[in-house]
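In my numbering, the protein residues as written are 4 to 422.
Heads up, the beta-carbon is just placed ideally off N, CA and C, and yes, glycines get one too.
What follows is a set of notes on a single structure, which appears directly below.
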Amino acid sequence: MDALDKRHLYRMPWSMNDNPIGWLESTDRCNIACLGCYRRTIAGHKPLEEIKQDVLFLKQWRNAHNISIAGGEPLIHPDLPEIVRFIREQGMEPLILTNGRALTREMLLELKKAGAMGIAFHVDSLQKREPKWNNKTELELNELREELMELVASVPGMYCNFGMTVYRSNLEQIPDVLRWANRHIDKVHGLVLITFRAAGLDTSVEYWTPDGGSVSPEELGYAAHREVLEDAGVTGPELWALLRREFPHYDAAAYLGGTQRHDSIKWLIGVQIGLGDGTMLGSVGPRLSEAFEVWHHWVHGTYVAHRPSNRIGPKIFLTSVFDEKVRAAWGAFWRGVVARPARLFKPVYLQALGIIQAPDLLPDGRTDMCDSCPDMCVHEGTLVHSCRWDEWRLYGGYLSPHLQQSTPESEPARELAHH
Ligand code: SF4
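So, in structure tokens, the structure goes:
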């Protein structure tokens, strides 16, 4: 199998001030509990006026195409329809990131009317949900994913994406989720896999506040003891290799590196091509990814991370002229038609597959964050990494980790934060 090589991937042109995504923290309350969550309940729902100020800030300083309405659980914010409406009025596309528990069809219709682009669900086996869904495998949880998918599909024109946290303990089950998503390529626009990261508590790392005090990070939602840390540490390239082994049609096309290491791959972005009956043909290559980002910026003035429609049709194959991966998919399309001629009339879809490897604590104490972090939120008039926002809320700035003498047992502690 081939290896991941940055020279064969497109480095997304996103930056601090020109980024397709603006991350909006709407509330820190939630109605379930996820092991991989990084948010503590400190302040509750953000007032609507403050949220509007954040949206205007993101519009001005991020040039965002999409606003990810996150939390906590945004569906329990009483002003969600008004938040969605305000974002749409500002010319940006609101995407709601939710665990889906509180979602009803009436709510979806109201959100759609207010201007929501769609829903990105977070479902995985290390969440504490209603008893019916606890202690299930990822394969069993596909039933819940399917319920949520059908709910969104019942409101035409809504984008539907699924995210999940990847732990050591569910890593081998990820192919079951991708297989399910591929089968429903007509209704599932994308899948995002986020590797679990946590700050170690009983370890050799000491955390200093911005004013030099030493604190235990136990107040942070992502602080974890050794037994939990053992579930951390899956890397993006490891996940990519697993999926490449099981899904020959899949490959990544673009990436974001790290802020410290030249060889990190923090975001790995792929777009799969398939037919409406779930037959997968291949993936988009770096040339088309580059052309699409540049074209979108040229025409619309913004970069883009989510396409509202995934039904692309056979016109995608015109890009075979300059993208060899699409050319390979075009070949697979015709081989499929020869084997089963009815496939000629099946609609062609795209399905995104993102892999995110959140911050890593390096052996010398530096923290390797995602270069050009797409998920920055607003904190008191400045942009901060949303995965570490609670450090600002609790300590007034990022904690600096200082490594004490390390021992082989303390190695799992060398993971600082997670997405
Ligand atoms: S918020 Fe953190 S994990 Fe998410 S993109 Fe930014 S740096 Fe990476």
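Start and end residues, beta strand (DSSP E) containing residue i
i, result
"residue 96", "96-101"
"residue 404", "403-406"
"residue 196", "193-198"
Residues near residue i in its chain [Cβ-Cβ closer than 8 Å; skip 5 each side]
i, result
"residue 325", "290, 291, 294"
"residue 14", "257, 258, 259, 260"
"residue 108", "154, 157, 158"
"residue 76", "30, 32, 33, 34, 35, 101, 102, 104, 105"
Residue i, buried or exposed, once every other Cβ within 10 Å from all chains shown has been counted against 16
i, result
"residue 322", "buried"
"residue 184", "buried"
"residue 301", "exposed"
"residue 217", "exposed"
"residue 18", "exposed"
"residue 98", "buried"
"residue 336", "buried"
"residue 248", "exposed"
"residue 219", "exposed"
"residue 192", "buried"
"residue 312", "exposed"
"residue 275", "buried"
Boundaries of the alpha helix (DSSP H) in which residue i is found, first to last residue
i, result
"residue 398", "392-398"
"residue 292", "289-303"
"residue 423", "Because the chain is modelled from 4 through 422, residue 423 falls outside the range shown and cannot be assessed."
"residue 340", "327-342"
"residue 239", "239-249"
"residue 149", "141-156"
"residue 169", "It is not in any alpha helix (DSSP H) - residue 169 instead sits in the beta strand (DSSP E) that spans 162-169."
Residue i beta carbon near the ligand SF4 (any heavy atom closer than 8 Å)
i, result
"residue 404", "no"
"residue 301", "no"
"residue 161", "no"
"residue 328", "no"
"residue 18", "no"
"residue 67", "no"
"residue 388", "yes"
"residue 377", "yes"
"residue 23", "no"
"residue 359", "yes"
"residue 270", "yes"
"residue 391", "yes"
"residue 220", "no"
"residue 167", "no"
Cut-off 6 Å between Cβ atoms - residues of its own chain near residue i, not counting five sequence neighbours on either side
i, result
"residue 320", "333"
"residue 315", "351, 353"
"residue 369", "263"
"residue 162", "120, 121, 192, 311"
"residue 251", "none"
"residue 222", "397"
Chain-order list of residues whose beta-carbon lies under 7 Å from that of residue i (same chain, five-residue window excluded)
i, result
"residue 346", "278, 282, 339, 340"
"residue 169", "177, 196, 197, 198, 199, 237, 242"
"residue 12", "255, 256, 257, 258, 289"
**Asked** Would you call the region 375-392 and the region 272-286 in contact, with 3 or more CB pairs under 8 Å?
**Response** Contact between the region 375-392 and the region 272-286 is absent: fewer than three C-beta pairs spanning the two stretches fall below 8 Å.
**Message:** Under 8 Å: do the region 23-40 and the region 54-72 share three or more Cβ pairs, one atom per stretch?
**Reply:** Yes, the region 23-40 is in contact with the region 54-72.
**Message:** Contact between the region 37-54 and the region 398-406 is defined here as three or more beta-carbon pairs at a separation below 8 Å; is this criterion met?
**Reply:** As far as the Cβ criterion goes, the region 37-54 does not touch the region 398-406, which means the pair count is below three.
**Asked** For the region 237-244 against the region 210-228, are there 3 or more C-beta pairs whose distance is under 8 Å?
**Response** In this structure the region 237-244 does not lie against the region 210-228, because fewer than three pairs of beta carbons, one per stretch, are closer than 8 Å.
**Prompt:** When the Cβ atoms of the region 195-212 are set against those of the region 359-367, are three or more pairs found closer than 8 Å?
**Reply:** Cβ pair count under 8 Å is three or more, so yes.
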